[in-house]
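The next block holds one structure in the form of C-alpha cells; read it before the comments.
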Amino acid sequence: MLNIFTSNKFSTMKWLFALGMVFMTTLGFAQEDEDDEFSGSILVDEGLTIHEARTLDDLLESIRERRDVENLAHQQRIDAFEREVANQASLLGEAEEEHESEQATTKTLEEQISENDATIADRNQELDEKMGSLRELFGVIQQVAGETRGTFLGSVVSAEIPDRDLFLNELAKKMGTAMELASVDEMNEMWSLMLEHIIATGEVTRFPGIVSTNEGGDKETDLVRVGAFNLISDKGYVNYNFDTYEVVDLSRQPSGEFTSSAKKLHRAKPGSKPVPFAIDPTRGSILSLETERATFGEMVGSPFGGIASGKCWLPFCDGQGGMVGSIIIMVGIVGVVLAVWRMVVLFFVRQKVNAQREDFDNPRDDNPLGKLLQVYTENKDVDSETLQLKIGEAILHEMPALTRNISLVQVISVVAPLMGLLGTVIGMIQTFQAITLFGTGDPKIMAGGISTALMTTVLGLCVAIPTVLLHALTSQFSRSVIHVLDEQSEGLIAEHAESKGTPVREVARRSD
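For what it's worth, our numbering labels the leading residue of the sequence shown as 1, then goes sequentially.
As C-alpha cells, this is what we get:
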C-alpha cells in the first residue's frame, strides 16, 4: 500500500509539474501576443475571465479557457490578414490600370508633339518663302529701333521728353521675334520720333523739371536745355544722370566765367540778344573735370582756414603750397605793403619839395628842401667850404628818411623766388617718396605731387615780379627827391661863393 501510494503520489506530482509548465508557457505566449501590434482588431469575449486555479480541475479548466481565447484571437488575426490581402490586391489592380492609361496618354502626346514639330517646321519654311526680302527689312527696323533707343537714353533731351524709348523697345522686341509684321503706323511713329529728336538737338528750350539737390532732396525749378549738350538751372550747370535718368546738382560749379554765362543764359528772355555760353559736347565729362579743377582759393589757401581747422598755424597754409607757400605769401604781402607805403610817403614828399621850389624864400620844415634852405639861411655868414659841409650834413640827415625800407623790398624780391625753389625741391622729394611707396601705376599721384611742388615756385615768382617793379618805382621816387636836394644844394653853394667872392672852381676843388 505504501508503495502504491508513493507511486501515485509521485505520478500526481509529475502531472502537476507538467501542467504548471504548460500553464506558464501559455501565459508567456499570451503575453507575447499582447505585445504584438496588428492592424486588425481581435474580439475577445469580455465575460470570459480566468480565475486562479485552486485545484487540478480548476487548472485544467483554466488552460482550456485560455486555449479557446488564443484560438479565437488567432482566427481573428487570420481573417483580418485575409481582408488586407484582398484590399492590397484591389489597389494593385487599380494602380496597374492607371499606369497603363498614363502610358497610353504619354504615347498619344509624344505623337502629337512630333506632329506639331513637323507642322511648325513646315509653317516656318512657308513663312520664310512668303517673307522673302521683308526679313531684311524687319532686321533693319530692329537695328534702327535699338540704336535710336540708345541715342534717346544717352541724350539730355530725355530730361524734357521722357519715355520715348518705350515704344522703340517694344518695336525692337516685336521685330526680333519675326512673327509679326511692322505696320505702317509703327514705322511712321519711329520716323517721327527720330525727326523730333533731330529738331530738339538744335533748340534752346525752357521747361519745368525736378532737380535732386546735394542735400538729398528734390527741388522743382525751371531748367534750360541747350540742344543735346547741357542743362542749366538758376544756380548754374546741372547734370543729367544717364543711369537713373534724373537731373542732379553738381558737387560744385566750374570756374566763375562758365557759371556766370550759365546764369545769364537762364535769365535770358526769348528775343533777347545772344548770350555767350560754353557747351560740353562730351555729355558731362569735361564739366566734371572742370568741377574737379582746383580754384584760386584752393591753390593759394585762405587767410585763416587752416588755423580754424587745426591743420596748421600760419595764414594761407591750407593751400597747395603748404607751409613754404604760406611764408612766401606773407613775405610778399609785407614787401608790397612796404613798397606801397614808401611810394605814398615819397609821393607826398616830392609834392612838398616841388611846392617848396615854388616858394624858395619861405623855407618850411615839413620837407627836406625846406630844411636844407633853413640850414643855408642860418649859415649865410660862414665861408663857402663850411656852408658846403653844413648842407652836406643836412642832406645826409634826410637820406635815411628818403631811402627807408627800400632795400628791404629789394631783399624780398630776391628771397621770394629762392623760397619758391626750396618749396619745389621739398615737394619733389615728397612726390618721389610717394612713387616709392605706391609705384607709378597711378599718374594722378605724380601729377598732383608735381603740381603741388610747382605751386611754391609760382608763388615765389608772383611775389618777386611785383616787388621788383615796386622797388624800382620806389627807388625812382627816392632818387628824384635826392636829386632835387643835390641840385638845390649845389646852386646854393654856388650862389654863396659868388656873394663871398670865392671862385667857384676853388670851392669845387676844395669840396673834391
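Positions of the beta carbon are idealized from the N, C-alpha and C atoms, including for glycine. Note that the coordinates shown come from a computational prediction; the quantities given were computed from them, not determined experimentally.
What separation, rounded to the nearest whole angstrom, lies between the Cα atoms of residue i and residue j?
i, j, result
"E398", "G423", "40 Å"
"E102", "S114", "18 Å"
"G420", "S309", "25 Å"
"I406", "V481", "14 Å"
"A86", "L59", "41 Å"
"D33", "T106", "Note on D33: pLDDT 42, under 50, position unreliable in the model; the coordinate value appears next. For D33 and T106, the distance between alpha carbons rounds to 50 Å."
"K174", "Q112", "29 Å"
"N214", "T456", "34 Å"
"F432", "A453", "11 Å"
"F23", "H99", "The predicted model places F23 with a pLDDT of 47, which falls under 50 and marks its position as unreliable; any figure quoted below should be read in that light. Looking at the two C-alpha atoms, the distance is approximately 54 Å."
"S384", "P466", "45 Å"
"N71", "L109", "57 Å"
"A339", "V382", "40 Å"
"D361", "Y376", "11 Å"
"L92", "T177", "50 Å"
"V275", "F258", "12 Å"
"I429", "F152", "50 Å"
"R164", "K264", "31 Å"
"E298", "F229", "29 Å"
"K371", "A497", "20 Å"
"P63", "A73", "Here residue 63 is Ile; the residue named in the question, Pro, does not match the sequence. Roughly 15 Å between the two C-alpha positions."
"F438", "I412", "38 Å"
"Q320", "G301", "7 Å"
"N367", "V353", "6 Å"
"F167", "E97", "55 Å"
"G227", "R267", "17 Å"
"L287", "D218", "22 Å"
"D117", "N188", "37 Å"
"Q410", "G332", "11 Å"
"V349", "A355", "10 Å"
"S212", "S251", "11 Å"
"K444", "T291", "16 Å"
"F304", "V324", "16 Å"
"F138", "A182", "8 Å"
"A95", "D57", "57 Å"
"L127", "R135", "10 Å"
"I391", "L408", "28 Å"
"V140", "E170", "15 Å"
Since residue i sits in a beta bridge, which residues does DSSP pair it with?
i, result
"P208", "D222"
"G236", "S233"
"D249", "V238"
Please identify the residue among the options whose C-alpha is closest to the C-alpha of residue i.
i, options, result
"F242", "L171, G154, S451", "G154"
"G271", "T205, G227, S285", "T205"
"G256", "K235, T244, H74", "K235"
"G491", "L373, Q253, F316", "L373"
"E220", "P254, N230, I199, V248", "V248"
"Q476", "I63, D68, T403", "T403"
"I232", "V157, E170, A182, V415", "V157"
"K269", "A278, D222, A294", "D222"
"S261", "Q253, P254, F277", "F277"
"T148", "L195, A394, A355", "L195"
"E160", "T201, E136, G146", "T201"
"P208", "I199, L193, V224", "V224"
"L369", "T386, Q351, N379", "Q351"
"Q388", "L485, P162, I198", "L485"
"K380", "V425, E495, K273, I329", "E495"
Assuming residue i is part of the alpha helix (DSSP H), what are its boundary residues?
i, result
"N169", "165-177"
"G439", "First-last for G439: undefined, no H or E at that position."
"V336", "322-358"
"E196", "184-200"
"P162", "Premise fails: P162 is in no alpha helix (DSSP H) and is neither H nor E."
"P254", "No alpha helix (DSSP H) contains P254, which DSSP labels as neither H nor E."
"S155", "Careful: S155 lies outside any alpha helix (DSSP H) and carries neither H nor E."
"E385", "384-403"
"L369", "368-378"
- Query: What runs of the alpha helix (DSSP H), each 4 residues or longer, lie entirely inside the region 264-332?
  - Reply: 285-292, 296-300, 305-309
- Message: Please give the ranges of any alpha helix (DSSP H) in the region 54-135, keeping only runs that are unbroken, at least 4 residues long and fully inside the region.
- Response: 56-131
- Jot down the residue ranges of each uninterrupted alpha helix (DSSP H) in the region 440-506, minimum 4 residues, whole runs only, in chain order. 443-500
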